[in-house]
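*Asks:*
In my numbering, the protein residues as written are 48 to 328.
1) Mapping the DSSP letters down to three states, classify residue 102 as helix, strand or coil.
2) Is the beta carbon of residue 265 closer than 8 Å to that of residue 198?
3) According to DSSP, which residues form a beta bridge with residue 110?
4) Under DSSP, the beta strand (DSSP E) around residue 138 begins and ends at which residues?
5) For residue 63 and residue 89, what's the separation of their Cα atoms in angstroms?
6) Could you give the C-beta distance for residue 126 and residue 158, rounded to a whole number, given that I count them as a contact under 8 Å?
7) Going by beta carbon distance, what residues of the same chain come within less than 6 Å of residue 98, once the five residues before and after it are set aside?
8) In the structure shown, what three-state DSSP assignment does residue 88 receive?
9) Excluding the five sequence neighbours on either side, which residues of its own chain have a C-beta within less than 6 Å of the C-beta of residue 288, listed in chain order?
10) Near residue 40, what residues of its chain come up, given a Cβ to Cβ distance below 7 Å and the 5 sequence neighbours on each side ignored?
11) What ranges does the beta strand (DSSP E) occupy inside the stretch 124–173, keeping only unbroken runs of at least 3 residues that lie completely in it?
12) With 16 other CB atoms within 10 Å as the buried threshold, where does residue 176 fall?
13) Among the residues of its own chain, which have a CB less than 6 Å from the CB of residue 94, if the five just before and after it don't count?
14) Whole angstroms is fine: what's the gap from residue 217's alpha carbon to residue 226's?
15) To the nearest angstrom, report how far apart residue 275 and residue 283 are at their CA atoms.
16) By how many angstroms is the C-alpha of residue 231 removed from the C-alpha of residue 116?
17) Considering only C-alpha positions, which residue in the set 51, 174, 86 and 129 is nearest to residue 111?
18) Applying the 10 Å Cβ sphere with the 16-neighbour rule, what's the burial state of residue 270?
19) Can you round the beta-carbon distance between residue 56 and residue 118 to whole angstroms, since I take them to be within the 8 Å contact cut?
20) In terms of residues, what are the limits of the alpha helix (DSSP H) holding residue 77?
21) How close, in whole Å, do the beta carbons of residue 61 and residue 168 come, if the pair is a contact with beta carbons under 8 Å?
22) List the DSSP bridge partners of residue 56.
23) Quick one: is residue 104 buried, meaning 16 or more other Cβ sit within 10 Å of its Cβ, or exposed?
24) With respect to the alpha helix (DSSP H) encompassing residue 182, which residues constitute its N-terminal and C-terminal limits?
25) Going by DSSP in three states, residue 119 sits in which element: helix, strand or coil?
26) For residue 124 and residue 134, I'd like the C-alpha separation in whole angstroms.
27) Would you decide whether residue 212 is buried or exposed? Buried here means 16 or more other CB atoms lie within 10 Å of its CB.
28) Quick check on the burial criterion: 16 or more other C-beta atoms within 10 angstroms. Buried or exposed for residue 185?
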């Protein structure tokens, strides 16, 4: 059932057989939510169906997306699987640790949806994909030969998920005043912030822009922001834009002007007001 287990997200899978064997691995692990980002061939190709060995329903119900951002938009927690270290700060966990964290997130009320990113067969995930993740899953394997095919990687992570079913979290997360931000909330913040940084010239160097954008996204992705915090950051970015206007009055002048306007709009009276405390503002 969707929403009660992690989503498996394949980014630009190239071979139909790999999508089929991935579906088979998901079936072994009681995973059903398969998401495909720009697959090179149809996931309903006969070769994929044959390779699924009976897990046809997972392929038939798979959803296809145009971008990784769209595929993770509804998720709160996203893990990226990678065999190589990246030039960005990310929390690194084993599949077993990730499985326990995902169980905890999905046991909350309301649940906090989770997903796992898997990269291209030959090159893995790009840095832009990893930047969207809250944490990175690294599998402890022989460092001189740590190559896994796509279905092997999914099965390994899926096994840890399935075998963690009887694990009870030893500690409960602190209650939040606001629910956690989903990735669609974060993507809106990223676009808002990047647009303003483009306008003010901070991202003016074309060769450095992609790396700076990835670093900014990575910072917010691992921060565990709530929806209210995202709204606050939107307000901060908007206020900074207001502050760049050459005709903008100082904040104190702006507030004084608003206060004077409110005073001039109030009807004059010699008696006491009857609509509440007039000193409140």
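Note that the Cβ used here is the ideal one computed from N, Cα and C, for glycine as well.
*Replies:* On the basis of the supplied data:
1) DSSP places residue 102 in the coil class of the three-state scheme, outside both helix and strand.
2) Going by C-beta atoms, residue 198 is not nearer than 8 Å to residue 265.
3) Listed as beta-bridge partners of residue 110 by DSSP are 82.
4) Counting along the chain, the beta strand (DSSP E) containing residue 138 begins and ends at 138–140.
5) One C-alpha to the other measures close to 7 Å.
6) Residue 126 to residue 158, Cβ: 16 Å. No contact.
7) Cβ within range, chain order: 64, 67 and 68.
8) Note: residue 88 maps to coil in three-state DSSP.
9) Here the set comprises 243.
10) Summary: the structure shown does not reach residue 40, with the chain confined to residues 48 through 328, and so no result is reported for it.
11) With a minimum length of 3 residues, the unbroken runs of beta strand (DSSP E) contained wholly in the stretch 124–173 fall at 124–128, 138–140 and 161–165.
12) The residue in question, residue 176, is buried, as its Cβ has 16 or more Cβ neighbours within 10 Å.
13) Exclusion of the five residues before and after residue 94 leaves 63 and 64 as the residues of its chain whose Cβ lies within less than 6 Å of its Cβ.
14) Bear in mind that a pLDDT of 49 at residue 217, under 50, signals an unreliable position, so the model cannot answer this.
15) Their backbone Cα atoms lie some 12 Å apart in a straight line.
16) Cα-Cα distance, rounded: 8 Å.
17) Between residue 111 and the set 51, 174, 86 and 129, the nearest pair of CA atoms involves 86.
18) Exposed is the call here.
19) With a Cβ gap of about 5 Å, residue 56 and residue 118 count as contacting.
20) DSSP places residue 77 in no alpha helix (DSSP H); its state is neither H nor E.
21) Distance from residue 61 to residue 168 at the Cβ level is roughly 5 Å; contact confirmed, criterion being Cβ atoms closer than 8 Å.
22) DSSP lists 82 and 164 as partners of residue 56.
23) Per the 10 Å Cβ criterion, exposed.
24) Run containing residue 182: none in the alpha helix (DSSP H); it sits in the beta strand (DSSP E), 182–184.
25) In the displayed model, residue 119 falls within a helix according to three-state DSSP.
26) Rounded to the nearest angstrom, the two C-alpha atoms are 21 Å apart.
27) Residue 212 comes out exposed.
28) By the 10 Å Cβ count, residue 185 comes out buried.
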